[in-house]
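Some notes on the structure that comes next.
2 protein chains.
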Amino acid sequence: MSFAKRIDIAITKAIAEGQISPSPAKLAEALQYAVTPGGARIRPTILMSVAAACGDQYPKLADAAATAIELMHCASLVHDDLPCFDDADTRRGEPSVHSVYGEALAVLVGDSLIIMAFEILAKAATEEPIRAVALMRVLATRSGMPNGICAGQGWESETEIDLSAYHSAKTGALFIAATQMGAIAGGQDGAQWEELGARIGEAFQVADDLRDALYDERTLGKPAGQDDLHGRPNAVTEFGVEGAIKRMCDILSGAIASIPKCPGEAMLAAMVTAQAEVLTPIEWRAEQATKIVGE
Amino acid sequence: MSFAKRIDIAITKAIAEGQISPSPAKLAEALQYAVTPGGARIRPTILMSVAAACGDQYPKLADAAATAIELMHCASLVHDDLPCFDDADTRRGEPSVHSVYGEALAVLVGDSLIIMAFEILAKAATEEPIRAVALMRVLATRSGMPNGICAGQGWESETEIDLSAYHSAKTGALFIAATQMGAIAGGQDGAQWEELGARIGEAFQVADDLRDALYDERTLGKPAGQDDLHGRPNAVTEFGVEGAIKRMCDILSGAIASIPKCPGEAMLAAMVTAQAEVLTPIEWRAEQATKIVGE
């Protein structure tokens, strides 16, 4: 079964369990809305790729871990879109959760998804409790304070920002969680997989900066130019478009070099390369192709 | 060491670990603010009482569980106070978290505390992973959807409320978590401890309804008359003051009768009786005493 299919089945099952009656219908509906149809499911795909590369020794744990990381990511999107943060009316081209269901339910959707993420891992712990606990520790570390995505958002309320800590927590954290949780579910130790996750996270941050600076709202599926608007640091402002793209490619080369020894090392390298292509703006890729042909 | 001291030490340690630098200073400060000096710490006290009554076989797990449940409770208070819910300027007689730190940080404080609750249990899992996982499952079930405090809040956005499900989730859930988690940390099976938690929760709900209806803002330390204002169900509206107090005492008698066989059964019964006294409004107790003397 493809990763995408495994992820979808696992997420659908998790959300359905939160809707057993009697439950408040609007919150149940809003939970469903927040996680489907979903975006690219990048973090759980990375997680499953790493688990597969390590041998996919505990596929049920990998399914649970992939679901947990995606639910945590969705929770962060729902809360980030709230009026007190980005005040975004749209997400993935559709009205954001609070635009449809109101702020109160949007706060509860985020809270419920965070709890559900840990609940899924706890439920999957029956056969491998020690490994499941390791998954929970990684997810918690990379979601909360002081090193997780909550900390990353928290930096945006500071007047003096530690840029490295900010980027690492805001975008890097869940990518590190993805590679480490994938390794744990695959039967390996998570520690040596931090660098790969961190580098993929950095590359995505630069890609996101490029998209935020270059694309319009319709292409993005969410409001554009948010970094400029909120005075947030952005690689394009710092290095220019060309510089930012070069930086992204360098980071991804580093990511490939950092992949630990494992049965599926080559497959993983191919996945990272493929991601690099997806991340690079089409116009720039065309331009580069012309240059190479001309050389 | 007293329960209160054990709880304070454990919470202080947990929050301090979230403040290791580099971390966003305001969020770190707001986390501290949200959990200290704290209220009566009722849920962790019940949890530790049950653990002690069961033999306190895993004191480290009991400390972790008590901290986790209190952090989850604090998270719910911070989010409940937000403008999109109760819009409460004060809590425990002090300005609420969002009044001091703004809405964005208040949302993040709640998120971080939820994550920290599970992180603490995962960290405590080293020696007893299966029991720690059981604690996490109970905490998740009683916090999220469809049976936890998130569901309880969610019911307030419905036009048709299932009153029993609403009360059970909104107030009962974390009391059930307290007795079940206490039993698990004490070395017993949590399942048979549900009724005690549910009944204590019901009693607290009635007591809270009485306080909301009878006391002013200064005595409550938070805005009064919130139920009337938000059109929420309230036992005083339903049964009158006398009726509500009688109901509370009946519930607590039932609670005592429901205590499962355990070494500290008598001690637990005494604790529930003591809680009944604390919960009953002083004026009413004086009146009852006069009646008894007069008989």
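Which chain is which? The protein sequence lines are A and B, in order.
With this note's numbering as the guide, the letters of the first sequence map in order to residues 1 to 295.
With this note's numbering as the guide, the letters of the second sequence map in order to residues 296 to 590.
We put the CB at the ideal spot given by N, CA and C, even for glycine.
Quick check: what's the CA-CA separation for residue i versus residue j?
i, j, result
"A:Gly211", "A:Asn234", "Correcting the residue type first, residue 211 of chain A is Arg in the shown sequence and not Gly. Spanning the two alpha carbons is a distance of roughly 11 Å."
"A:Ser112", "A:Arg41", "19 Å"
"B:Asp351", "A:Gly39", "47 Å"
"A:Phe3", "A:Met48", "7 Å"
"A:Ile149", "A:Ala177", "11 Å"
"A:Ala75", "A:Pro95", "15 Å"
"A:Thr179", "A:Thr273", "16 Å"
"A:Gly154", "A:Leu214", "26 Å"
"B:Gln570", "B:Gly549", "14 Å"
"B:Leu377", "A:Pro260", "45 Å"
"A:Glu160", "B:Lys321", "11 Å"
"B:Ser452", "B:Leu434", "23 Å"
"B:Arg494", "B:Ile410", "28 Å"
"B:Glu537", "B:Leu547", "16 Å"
"B:Gly492", "B:Phe470", "5 Å"
"B:Glu590", "B:Ala561", "Its pLDDT being 46, under 50, B:Glu590 is placed unreliably in this model, and the value from its coordinates should be taken loosely. So the alpha carbons of these two residues sit roughly 29 Å apart."
"A:Glu103", "B:Ala399", "12 Å"
"B:Ala419", "B:Ile425", "11 Å"
"A:Ile7", "A:Ala244", "32 Å"
"B:Gln483", "A:Asp87", "48 Å"
"B:Pro574", "A:Thr126", "Sequence check: residue 574 of chain B is Leu here, not Pro. Each residue's alpha carbon lies about 40 Å from the other."
"A:Pro24", "B:Lys300", "38 Å"
"A:Phe118", "B:Phe413", "7 Å"
"B:Ala565", "B:Ile341", "12 Å"
"B:Asp375", "B:Gly447", "11 Å"
"A:Ala106", "A:Gly190", "33 Å"
"A:Leu268", "A:Tyr166", "27 Å"
"A:Pro44", "A:Gly201", "13 Å"
"B:Gly467", "B:Asp504", "14 Å"
"A:Ala122", "A:Val133", "8 Å"
"A:Asn1", "B:Met296", "Correcting the residue type first, residue 1 of chain A is Met in the shown sequence and not Asn. For A:Met1 and B:Met296, the distance between alpha carbons rounds to 55 Å."
"A:Gly264", "A:Leu135", "21 Å"
"A:Ser168", "A:Thr237", "18 Å"
Give me, in chain order, the residues of the same chain whose beta-carbon lies closer than 7 Å to that of residue i; leave out the 5 immediate sequence neighbours on both sides.
i, result
"A:Ile120", "Ala14, Ala64, Thr67, Ala68"
"B:Phe534", "Arg542"
"A:Thr359", "The structure shown does not extend to residue 359 of chain A, since chain A spans only 1 to 295, so no value can be given for it."
"B:Arg432", "none"
Under 6 Å Cβ to Cβ from residue i, same chain only, skipping five residues before and after it: list those, please.
i, result
"B:Ala480", "Ala346, Tyr353, Leu356, Ala357, Ala360"
"A:Val109", "Ala30, Leu31, Ala34, Val78, Val97"
"A:Cys262", "Ala53, Cys54"
"B:Ala311", "none"
"B:Tyr396", "Ala325"
"B:Val501", "Ala530, Ala539, Arg542, Met543"
"B:Ser394", "Asp384"
In this structure, does DSSP put residue i in helix, strand or coil?
i, result
"B:Glu422", "coil"
"B:Arg386", "strand"
"B:Gly449", "helix"
"A:Ile259", "coil"
"A:Phe85", "coil"
"B:Tyr396", "helix"
"A:Thr159", "coil"
"A:Tyr58", "coil"
"B:Tyr461", "helix"
"A:Gln275", "helix"
"B:Ser391", "coil"
"B:Asp375", "helix"
"A:Thr280", "coil"
"A:Gln180", "helix"
"A:Pro44", "helix"
"A:Arg142", "coil"
"A:Asp212", "helix"
"B:Ser548", "helix"
"B:Asp484", "coil"
"A:Gly201", "helix"
"A:Thr36", "coil"
"A:Gly264", "coil"
Spatial neighbours of residue i within its chain, please: C-beta separation below 8 Å, excluding the five flanking residues on both sides.
i, result
"A:Ile11", "Val35, Thr36, Gly38, Thr67, Glu70, Leu71"
"B:Ala498", "Met543, Ile546, Leu547, Ala550, Gln570, Ala571, Leu574"
"B:Gln487", "Ala478, Pro555"
"A:Cys28", "Reading off the sequence shown, one finds Ala at residue 28 of chain A, where the question assumed Cys. Within the same chain, A:Ala28 has close Cβ partners Gly18, Gln19."
"A:Ser258", "Glu195, Leu196, Arg199"
Exercise. Unbroken alpha helix (DSSP H) runs of length 4 or more, entirely within the stretch 1-34 of chain A: which are they?
Worked result: 3-17
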